[in-house]
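In my numbering, the protein residues as written are 37 to 774. Cβ coordinates follow ideal geometry from the N, Cα and C atoms, glycine included. Model, not experiment: these values are computed from the prediction. Reviewing the structure listed below.
Written out as structure tokens, the structure is:
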């Protein structure tokens, strides 16, 4: 072994130490260089965390009783290939072994220890932060020779992720458990708050990276649905100069009133305008503060600073798809509106430009999504560095178990008396208190809720447990696609009249956890929980965990293995997993555009496949019919004359029939229907009487939520009003289930 001494005397308060760089040769690869880190004591955590940095507190004293050696950089591709010769890195590896799981990194450490006769392992979270603090405070002329803590890959740590203890810690190793492992550091020029000494991230120990890139050209069924995507696509921004992207949106009719009344935001949307007549067309642009309109690449209207209205005339050709860009500015005031209308030279009255007159392509949608995702940051890729140090003798901290997982009965319920079976029975038990769903975040905090429980509690999944309890899981956030989204849960215990208070159930720190989906397998009494991470680069289409004790304990998360490439998709499972008569298990998920996909497994989740077809509409719900076909019902923002469409597949989801009209009202964003088969054999549906805009098909005058039964496999439906829904964050006049 070669030891290179660096003549650096480094002082920090009560500590003085000589740092060594130890060069450890590894056959066939560049040598691993080790840097000596002294023992010491420090204050771990963030003394003034922002509200989204809640897990960086409380600050607590940590003592590291022994010094250790840490690799100068993350493990490189060549060094990792000495251990695993067939390793193929992702394209963004930049020379380092990334896209490896925590379990892979641990296996490398064990291999290296045995090969070199050393004790090598991953750094604990405390060792990582201590090293970073040495780097931050070292002399600028003689800096600590540890590289890329904040400019290279994110790095696995040894610890299981959990809450900090306020008590002093000696050589801490984190809490017990294996649900998610700590990730630290990494370069991220898009979200500087991620590249901080105290920032904490985490993910499942088996996560690597998802290597399949969706090939929409291989999906002819999907291509037909995608042809002529309605509306414009684009982004809204946190600044008036169209910077700080805050979200991706699809807009339809250009007669919009927004509820984003926050000061200083902007939106910019683009696509094509379908022209039905040749000749001069006059455009009128109206806004509460400003914006602009571009037609065929030329800005014809625009201003900023005050409410206004402008007109301009352009000659267009019938049948053409003319590029259009619409930009909007909002700064102060209680009004937030944008109206773009037009008229042909033969007309005297302006008409709003509707969504049916606007189109966008998959390529434009990719572009808009990429603008937004680039602002979010991501902890892909994940690599690791290694330390030389013995295992800590300190026991792991006990897991903090939320009450929703405590005192869970493991016996089957004994029903002695129930509602009469010959008449309808409705019983209301309100789910979430108010707060948190309709009040500012500060008020929720003052009410004593966990800081991750916010005012946007969305996309819920609800399932009956084998013990008779009802478990409810939703994600909570301020906005749908931010990294701080977290899974929260509440439980209605069998025989209880009230739900438990909502608590945090699962949290991959800094990950955009999304789209919860529960399923109870009554044959095995196993509960499955699926969810996605739509804003994380290189993420899998979904991940899942299981519970064999009614949700009291959950297995370490798993990630799907696809032997074959998959088509385009969103990482958003949707409600209603089901098993068909031949034993195949299907997991519904949103497609990339206006479609939904079924993931399928024949072997209990060991392998998965894309069924290849795409049904018409996102948030579609499915059920197997008595003749073996699969019926796909509805989807947001899809309608035929104001009614939900339905399609059928006779080949296990590979192809779908042409959409047909149902008798159920069409739904929009923020409205997810539910569909299931009852023990009686009838189909049960739950939705709303109206679109979120208030629109209804002809023949309907009821408002609010509805339930429906079908006794003829979905041919006809008997609908009943479901009164008493809680007020919804959308602030509509009518109760909805969202």
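For residue i, the first and last residue of its enclosing alpha helix (DSSP H)
| i | result |
| --- | --- |
| residue 141 | 138 to 152 |
| residue 291 | Segment 291 to 293 is the beta strand (DSSP E) holding residue 291; no alpha helix (DSSP H) there. |
| residue 166 | 161 to 173 |
| residue 113 | 113 to 119 |
| residue 480 | 477 to 482 |
For residue i, the first and last residue of its enclosing beta strand (DSSP E)
| i | result |
| --- | --- |
| residue 91 | From DSSP, residue 91 is part of no beta strand (DSSP E); its letter is neither H nor E. |
| residue 364 | 357 to 366 |
| residue 332 | No beta strand (DSSP E) holds residue 332; DSSP gives it neither H nor E. |
| residue 632 | 631 to 637 |
| residue 287 | 281 to 287 |
| residue 625 | 621 to 626 |
| residue 317 | 315 to 323 |
| residue 199 | Run containing residue 199: none; DSSP gives neither H nor E here. |
Sub-9 Å separation of residue i and residue j beta-carbons
| i | j | result |
| --- | --- | --- |
| residue 609 | residue 552 | yes |
| residue 95 | residue 76 | no |
| residue 679 | residue 699 | yes |
| residue 388 | residue 371 | no |
| residue 512 | residue 554 | no |
| residue 521 | residue 483 | no |
| residue 323 | residue 365 | yes |
| residue 73 | residue 98 | no |
| residue 581 | residue 564 | yes |
| residue 651 | residue 633 | yes |
| residue 604 | residue 550 | no |
| residue 576 | residue 136 | no |
| residue 90 | residue 243 | no |
| residue 757 | residue 745 | no |
| residue 583 | residue 591 | yes |
| residue 111 | residue 129 | no |
Exposed unless 16 or more other CB atoms sit within 10 angstroms - verdict on residue i
| i | result |
| --- | --- |
| residue 803 | In the structure as shown, the chain begins at 37 and stops at 774. Residue 803 is therefore absent and cannot be evaluated. |
| residue 258 | Note that residue 258 has pLDDT 40, beneath the 50 cutoff, so the model's placement of it is unreliable and the number below is only indicative. With 16 or more other Cβ atoms within 10 Å, it is buried. |
| residue 461 | exposed |
| residue 701 | buried |
| residue 566 | buried |
| residue 203 | exposed |
| residue 270 | buried |
| residue 163 | buried |
| residue 439 | exposed |
| residue 301 | buried |
| residue 579 | buried |
| residue 452 | exposed |
| residue 385 | exposed |
| residue 317 | buried |
| residue 733 | buried |
| residue 38 | With a pLDDT of only 33 at residue 38, under the threshold of 50, the placement of this residue in the model should not be trusted; the figure read from the coordinates follows. The residue is exposed, with fewer than 16 neighbouring Cβ atoms inside 10 Å. |
| residue 343 | exposed |
| residue 146 | exposed |
For residue j and residue i, the rounded distance between their alpha carbons
| i | j | result |
| --- | --- | --- |
| residue 263 | residue 397 | For residue 263, the predicted model reports a pLDDT of 43, less than 50, meaning its position is unreliable and no value from the coordinates is stated. |
| residue 710 | residue 571 | 25 Å |
| residue 594 | residue 70 | 34 Å |
| residue 325 | residue 273 | 15 Å |
| residue 383 | residue 712 | 50 Å |
| residue 134 | residue 125 | 6 Å |
| residue 417 | residue 597 | 19 Å |
| residue 173 | residue 101 | 20 Å |
| residue 606 | residue 654 | 10 Å |
| residue 123 | residue 168 | 29 Å |
| residue 340 | residue 189 | 42 Å |
| residue 602 | residue 380 | 46 Å |
| residue 481 | residue 87 | 10 Å |
| residue 352 | residue 310 | 10 Å |
| residue 268 | residue 327 | 16 Å |
| residue 236 | residue 92 | 7 Å |
| residue 165 | residue 219 | 11 Å |
| residue 216 | residue 186 | 21 Å |
CB contact below 9 Å: residue i versus chain B
| i | result |
| --- | --- |
| residue 313 | Absent from the structure: chain B. Only one protein chain is present. |
- Message: Taking contact to mean 3 or more Cβ pairs, one atom from each stretch, closer than 8 Å, check whether the stretch 501 to 508 and the stretch 522 to 534 are in contact.
- Response: Short answer: they touch.
- Query: How about the stretch 333 to 340 and the stretch 303 to 313: do they share at least three Cβ pairs that are nearer than 8 Å?
  - Reply: Too few Cβ pairs lie closer than 8 Å, so no.
Original post:
For the stretch 538 to 545 against the stretch 488 to 501, are there 3 or more C-beta pairs whose distance is under 8 Å?
Top reply: By the C-beta criterion, the stretch 538 to 545 is judged to be in contact with the stretch 488 to 501, since at least 3 inter-stretch pairs fall below 8 Å.
Count Cβ pairs between the stretch 205 to 216 and the stretch 431 to 446 that sit closer than 8 Å; are there 3 or more? For the pair of segments examined, the stretch 205 to 216 was found to touch the stretch 431 to 446: the number of CB pairs separated by less than 8 Å reaches three.
* Okay, do the stretch 357 to 365 and the stretch 399 to 407 touch, 3+ Cβ pairs below 8 Å being the bar? -> Too few Cβ pairs lie closer than 8 Å, so no.
Touch test, the stretch 140 to 158 against the stretch 188 to 206, Cβ-Cβ under 8 Å, three pairs minimum
The count of Cβ pairs closer than 8 Å, one atom from the stretch 140 to 158 and one from the stretch 188 to 206, reaches three, so the stretches are in contact.
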